[in-house]
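Visitor: Structure provided below as structure tokens; questions to follow.
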Amino acid sequence: MSNRLQGKRIIITGAVSNIGKEAAKSFVDEGAKVVIGDINEEAGQQTAREIGAHFIKVDVTQEESVSDFVDSAVEELGGLDVLVQNAGLQRLGKVTDFAASDWDAIFAVNSRAHFFGAKYAVPHLRKSGRGSIINTSSLAGKRGGPGTTAYSSSKGAVIAFSTALALELALDNIRVNAVCPGWVDTAFNEPAISFMGGRASQEEFVKRVVPLQRQGQSSEIAPLFVYLASDESSYLTAQAITIDGGIYN
Ligand SMILES: NC(=O)c1ccc[n+]([C@@H]2O[C@H](COP(=O)([O-])OP(=O)(O)OC[C@H]3O[C@@H](n4cnc5c(N)ncnc54)[C@H](O)[C@@H]3O)[C@@H](O)[C@H]2O)c1
Numbered sequence: 001m002s003n004r005l006q007g008k009r010i011i012i013t014g015a016v017s018n019i020g021k022e023a024a025k026s027f028v029d030e031g032a033k034v035v036i037g038d039i040n041e042e043a044g045q046q047t048a049r050e051i052g053a054h055f056i057k058v059d060v061t062q063e064e065s066v067s068d069f070v071d072s073a074v075e076e077l078g079g080l081d082v083l084v085q086n087a088g089l090q091r092l093g094k095v096t097d098f099a100a101s102d103w104d105a106i107f108a109v110n111s112r113a114h115f116f117g118a119k120y121a122v123p124h125l126r127k128s129g130r131g132s133i134i135n136t137s138s139l140a141g142k143r144g145g146p147g148t149t150a151y152s153s154s155k156g157a158v159i160a161f162s163t164a165l166a167l168e169l170a171l172d173n174i175r176v177n178a179v180c181p182g183w184v185d186t187a188f189n190e191p192a193i194s195f196m197g198g199r200a201s202q203e204e205f206v207k208r209v210v211p212l213q214r215q216g217q218s219s220e221i222a223p224l225f226v227y228l229a230s231d232e233s234s235y236l237t238a239q240a241i242t243i244d245g246g247i248y249n
């Protein structure tokens, strides 16, 4: 690694497994000081030990929890340069069968939490004189599919939120972008796989619709997070970047 993030102080939520864990590990490997936040305390402590980060428990659906988390993380890091919001929840179902409680749960984690994170992190990013906010959306936020009305809408909201926030914060030299992964091979997609009729059907679907004919790996998504966290992306803001093997074009 080449210390591309030397001196950067980074908070990342939803980082105890898969995409978030790979991103957090890459941040540490590139020289950043990293605090990871997640609702899963046991896995969080384990991940922090494993990758050389600090863990603080947070429930991103609760405003007070996010406020306390950001304060404690900034104290641990001695300031803040980058906020990564990666916690996510997936539930699928046909619109006629979908429960309002599931809709609300999805929006609380996937959409509203981004507002809480920005609300409490921006004052600290302002103090650093520059900043990068990276919000995890999804290909589904641009182009949904059967069963994904709730998930897709919640991720579409992340794109709209990120663009509006980017314009609001441009004069503060705080950049805001959304990362939109396509099919990444993690257990997160179990609800989608079961909705599609099992792993074989999902694999057949992926082969048919993904130009690169396979799912991505978390390690193939993490470099985009590193780029957006680093000063290499200093002229990049208000974008929703798809990383999906070529589906969205
Ligand atoms: N895997 C994919 O194919 C895919 C595709 C597009 C987008 N994404 C997005 O990428 C992100 C990471 O997905 P992943 O595949 O690595 O799944 P993952 O399940 O490993 O990561 C989700 C994380 O969010 C945490 N989380 C959930 N609710 C929380 C809460 N209330 N408070 C704090 N943390 C909470 C979980 O504990 C978990 O660590 C998600 O936002 C997901 O929507 C994933």
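So in my numbering, the last spot in the sequence shown is 249, and the numbers never skip.
Glycine included, each C-beta is placed from N, C-alpha and C at the ideal position.
(1) Is the Cβ-Cβ distance between ILE12 and ILE36 less than 8 Å?
(2) Tell whether a beta-carbon distance below 8 Å holds between VAL184 and SER162.
(3) Would you say the beta carbon of ASN86 is closer than 7 Å to some non-hydrogen atom of ligand 1?
(4) With a threshold of 7 Å, establish whether the CB of SER218 neighbours any heavy atom of ligand 1.
(5) Could you compute how far the alpha carbon of LYS57 sits from the alpha carbon of ALA48?
(6) Looking only at its own chain, which residues have a Cβ that is under 6 Å from the Cβ of ASP135, when we skip the five neighbours before and after it?
(7) Just the Cα atoms here: how many angstroms apart are SER111 and SER152?
(8) Give me whichever residues DSSP pairs with VAL176 in a beta bridge.
(9) I'd like to confirm the pairing. Which residues does DSSP put opposite PHE55 in its beta bridges?
(10) Which parts of the region 163-248 are runs of the beta strand (DSSP E), unbroken and 3 residues or longer, counting only runs that do not cross its ends?
(11) If you reduce the DSSP assignment to three classes, tell me which class GLN6 lands in.
(12) Is it the case that the CB of GLY14 approaches a heavy atom of ligand 2 more closely than 7 Å?
(13) Assess contact between the region 137-146 and the region 233-246, defined as three or more Cβ pairs (one per stretch) separated by less than 8 Å. Is contact present?
(14) Apply the 10 Å Cβ neighbour rule to LYS94 and answer buried if 16 or more other Cβ atoms are within range, or exposed otherwise.
(15) Run through the DSSP bridge pairs and tell me what THR13 is partnered with.
(16) Is the number of C-beta pairs between the region 188-197 and the region 117-127 that are closer than 8 Å three or more?
(17) Which stretch, first to last residue, makes up the beta strand (DSSP E) that contains VAL122?
(18) Here's the rule: buried if 16 or more other CB atoms are within 10 angstroms of the residue's CB, otherwise exposed. What is ARG9?
Guide: Straight from the coordinates:
(1) yes
(2) no
(3) yes
(4) yes
(5) 11 Å
(6) It is Asn, not Asp, that sits at residue 135 in the sequence shown. Cβ neighbours of ASN135 beyond the five flanking positions: GLN85, HIS114, VAL158, SER162, ALA178.
(7) 11 Å
(8) ILE133
(9) ILE36
(10) 174-181, 240-243
(11) coil
(12) You won't find ligand 2 in this model; what it holds is ligand 1.
(13) yes
(14) exposed
(15) GLY37
(16) no
(17) No beta strand (DSSP E) contains VAL122, which is instead part of the alpha helix (DSSP H) from 113-128.
(18) buried
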